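Asker: Note that our numbering has the sequence shown beginning at 60, numbered continuously upward. Beta carbons: idealized from backbone N, C-alpha and C, even for Gly. Please read all numbers here as calculations on a predicted model, not as lab measurements.
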Amino acid sequence: MHAPRIQLGVNIDHIATLRQARGTRYPDPVQAALLAEEAGADGITVHLREDRRHIQERDVRLLAETLNTRMNLEMAVTEAMIRLAEEIRPAHVCLVPEKREELTTEGGLDVVGGFEAVQAACRRLAAAGCEVSLFIDPDPAQIEAAVRAGAPVIELHTGAYAEAVGQAARDEHARIAAAAEMALELGLTVNAGHGLHYHNVEAIAAIGGIHELNIGHAIIARALFVGLKEAVAEMKRLVIAGQEAGLLAALEEHDHDHDHEHG
Numbered sequence: 060m061h062a063p064r065i066q067l068g069v070n071i072d073h074i075a076t077l078r079q080a081r082g083t084r085y086p087d088p089v090q091a092a093l094l095a096e097e098a099g100a101d102g103i104t105v106h107l108r109e110d111r112r113h114i115q116e117r118d119v120r121l122l123a124e125t126l127n128t129r130m131n132l133e134m135a136v137t138e139a140m141i142r143l144a145e146e147i148r149p150a151h152v153c154l155v156p157e158k159r160e161e162l163t164t165e166g167g168l169d170v171v172g173g174f175e176a177v178q179a180a181c182r183r184l185a186a187a188g189c190e191v192s193l194f195i196d197p198d199p200a201q202i203e204a205a206v207r208a209g210a211p212v213i214e215l216h217t218g219a220y221a222e223a224v225g226q227a228a229r230d231e232h233a234r235i236a237a238a239a240e241m242a243l244e245l246g247l248t249v250n251a252g253h254g255l256h257y258h259n260v261e262a263i264a265a266i267g268g269i270h271e272l273n274i275g276h277a278i279i280a281r282a283l284f285v286g287l288k289e290a291v292a293e294m295k296r297l298v299i300a301g302q303e304a305g306l307l308a309a310l311e312e313h314d315h316d317h318d319h320e321h322g
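#1: Taking only heavy atoms of the ligand MN into account, decide whether any of them is closer than 7 Å to the Cβ of alanine 187.
#2: I'd like to confirm the pairing. Which residues does DSSP put opposite glycine 102 in its beta bridges?
#3: Check for me: the alpha helix (DSSP H) holding isoleucine 141 runs from which residue to which?
#4: Kindly indicate which residue of Gly305, Gln302, Lys288 has the alpha-carbon position closest to the one of glutamine 90.
#5: Ignore the nearest five residues each way along the sequence and tell me which others in alanine 62's own chain have a CB closer than 7 Å to its CB.
#6: Please name the residue in His216, Leu272, Met241, Thr76 whose C-alpha comes closest to that of glutamate 231.
#7: Residues in the same chain with beta-carbon distance under 8 Å from proline 156, minus the five sequence neighbours each way, listed in chain order, please.
#8: So the candidates are Ala200, Ala185, Ala150, Ala186; which of them puts its Cα closest to the Cα of glycine 173?
#9: Do the CB positions of glycine 275 and isoleucine 71 come within less than 8 Å of each other?
#10: Taking only three categories from DSSP, how would you classify alanine 264?
#11: With cysteine 153 as the anchor, note down where its beta strand (DSSP E) starts and where it stops.
#12: In terms of DSSP beta bridges, what is phenylalanine 194 paired with?
#13: How about leucine 297 and valine 260: are their beta carbons less than 8 Å apart?
#14: Out of Gly99, Asp198, Pro197, Glu175, state which residue places its alpha-carbon closest to the alpha-carbon of alanine 208.
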């Protein structure tokens, strides 16, 4: 059973959070991005927020000129952000919901409720050469709306899974797996992320068809103790191990079903 190797996108927002806390020039998110790439990151994710609480427009422009992999620009569906993306033309753009008062992104984008604006943004960004992803909850209605809006990629919001424990976590995992299966059948590329860390990532990586996981906070936090390159490398190993375990389980299930049919 052959499958493309799962990708790891490293979010470096919180390098910029530390810089902005003192208003210094360090630590530099661009330097962090290059170290992450050296350690095996397949792409670099940044969220340019309306309030500029961490990543700044200057960071985005420098990253667009220096990355060896690709930039995934997370942004709200606003005219100002769409115009910036049309100018910079990042390889990937992920449309996300955004509220000024939130600590971090809360829930997925409501594609159903804001369909016309999302569809228009998808068209403009695609015309600029950007691959567009929609950050959505693992909900069938949102997945169907993403297809209708013309987005080729979705990123499933894993926050509820990350916060749950016990049976609730297993239920959320099943919900994500079902959403991924549905999206793949509809022809979408499926990414996932939010709240994933070193103790819960393998189960998500094991879900069949997941193309990429985007992880930031856990990696930056781990880097305080082991260094950024090692923190990225550790996460990359776990992500690949999770995918391999999922593929092995799927192969064993296939063999079992095949043997049962012949038996």
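Answerer: According to the structure shown:
#1: This structure lacks the ligand MN, and indeed carries no ligand of any kind.
#2: Gly68
#3: 138 to 147
#4: When only C-alpha atoms are compared, the closest one is Lys288.
#5: Leu306
#6: Checking every option, the nearest Cα to that of glutamate 231 belongs to His216.
#7: Ala135, Thr164, Glu165, Gly166, Gly167, Leu168, Asp169, Phe194
#8: A check of alpha carbon separations from glycine 173 across Ala200, Ala185, Ala150, Ala186 identifies Ala200 as the nearest.
#9: Taking C-beta atoms as the reference points, glycine 275 and isoleucine 71 count as a pair closer than 8 Å.
#10: Of the three classes helix, strand and coil, the one that applies to alanine 264 here is helix, per DSSP.
#11: Cysteine 153 -> beta strand (DSSP E) spans 151 to 154.
#12: Glu214
#13: yes
#14: Nearest C-alpha to alanine 208: Glu175.
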